[in-house]
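A.B. asks:
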Amino acid sequence: MKKNKLKIIYIYLFAVIILVGIFLIVKKIEAPAKEEVKSNIIQEIPKPEIKIDENIKQESYMIKDYSLVVPKDSKGNKKVVLLTIDDGPSPRTKEIITILKKHNVKAIFFINGSNDKDHAGIIADTAKEGYIIGNHTWSHLDLKKEKDLTKIDKEITKNSELIKQITGSVPKFFRPPYGDITPYVKKFVKDNGMIFMNWSDAAKDWEKSTKDKNVFVGNVLKNLSPGAIILIHEHPWSLANLDSMLSSLEEKGYKFVDPKDIVE
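Using the working numbering, read the sequence shown as starting at 2 and increasing by one per residue.
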């Protein structure tokens, strides 16, 4: 009897071992098949189609008649303006940049090198922030009234040398003080690889009446047109009214040209 019981137990254990073995073999065979099915499912999931808008491209601009900025491509966006800021550096330059960054606006800062002594480091900081430094002569000399050509040359070259020393690059743009143009200055500027630039619109912030925000902004809007090159200075009231001016231009649908996109 005892032998029969042991025999039954052995048979039972043997059967269990056989069944476990069969189960493990089947599982091992099925695993790769499942992985293959899973892999196929993953591969069959369609990837989202990414469409590239061919209309989104970096536009290039050029200066026309010394006072307008226009797209090089005739089909480019013409409802643009270029902001230029004269007579820095000053104690207000950094605050001006803060407002420009708020509106994501780039600009040209036309500086006078003679101001750098009292405001050391500001030109370098302005350039590091991605703004363009333009040549506005060393001491804001009226080049039209000056008869000494050597002095004119020095006013321009000395300022260019300072800008290169600070930023590592020669200035790309030149603006004469008071906007006064002479054939000699135009040729000298061109021979020195700079683009001559005046303006077509201004806040007229040299007038005390522009301390009033409505007058300041109104002056700009009065002469506003596509391609306008806008002139302001680094006066305290110009700083105070800058935010309102930029908002007004944005509300009218104007875009601001990055000076780095001006090619000629």
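For every residue, glycine included, the Cβ atom is placed at its ideal position computed from N, Cα and C.
Would you mind listing the beta strand (DSSP E) stretches within the region 112-192 that are 3+ residues and don't spill past its ends, in chain order?
C.D. replies: Listed in chain order, they are 133-136.
A.B. asks: Under 8 Å Cβ to Cβ from Lys-102, same chain only, skipping five residues before and after it: list those, please.
C.D. replies: The residues are Glu-130.
A.B. asks: Could you check the C-alpha separation between Asp-192 and Glu-162 for me, to the nearest Å?
C.D. replies: Distance between the alpha carbons of Asp-192 and Glu-162 is about 15 Å.
A.B. asks: Express the C-alpha separation of Trp-238 and Glu-265 in angstroms, rounding to a whole number.
C.D. replies: Straight-line Cα distance between these residues: approximately 33 Å.
A.B. asks: May I have the straight-line CA-CA distance separating Lys-223 from Ala-125, to the nearest angstrom?
C.D. replies: Rounded to whole angstroms, Lys-223 to Ala-125 spans 34 Å at the Cα level.
A.B. asks: Check this for me: beta carbons of His-120 and Pro-72, under 9 Å apart or not?
C.D. replies: No, they are not a contact pair.
A.B. asks: Which residues mark the beginning and the end of the alpha helix (DSSP H) in which Ile-263 is found?
C.D. replies: Premise fails: Ile-263 is in no alpha helix (DSSP H) and is neither H nor E.
A.B. asks: Determine the DSSP secondary structure at Val-1, reduced to helix, strand or coil.
C.D. replies: Because the chain spans 2 through 265 in this model, residue 1 falls outside it and cannot be assessed.
A.B. asks: Classify Val-258 as buried or exposed, calling it buried when 16 or more other Cβ atoms lie within 10 Å of its own Cβ.
C.D. replies: Buried: at least 16 other Cβ atoms inside 10 Å.
A.B. asks: Using a Cβ-Cβ cutoff of less than 7 Å, which residues in the same chain neighbour Asp-181 once the five nearest sequence positions on both sides are dropped?
C.D. replies: Cβ within range, chain order: Asp-143, Leu-144, Lys-145.
A.B. asks: To the nearest angstrom, report how far apart Pro-227 and Ile-263 are at their CA atoms.
C.D. replies: The alpha-carbon atoms of Pro-227 and Ile-263 are separated by roughly 16 Å.
A.B. asks: From the DSSP output, read off the bridge partner residues of Ala-203.
C.D. replies: Answer is Leu-232.
A.B. asks: For Ile-46, count neighbouring C-beta atoms within 10 Å of its own C-beta (all shown protein chains included) and say buried if the count is 16 or more, exposed if not.
C.D. replies: Below a pLDDT of 50, predicted positions are generally treated as unreliable, and Ile-46, at 48, falls in that range; the measurement from the model is reported next regardless. It is exposed - the Cβ of Ile-46 has fewer than 16 other Cβ atoms within 10 Å.
A.B. asks: Report yes if the CB atom of Ile-196 is closer than 9 Å to the CB atom of Phe-175, and no otherwise.
C.D. replies: A contact, by the Cβ cut-off of 9 Å.
A.B. asks: Specify the secondary structure class of Lys-48 as computed by DSSP and reduced to three states.
C.D. replies: Interpretation of Lys-48 is limited by its pLDDT of 49, a score under 50 that renders its predicted location unreliable; the figure taken from the coordinates is listed afterwards. Three-state DSSP puts Lys-48 in coil, outside helix and strand.
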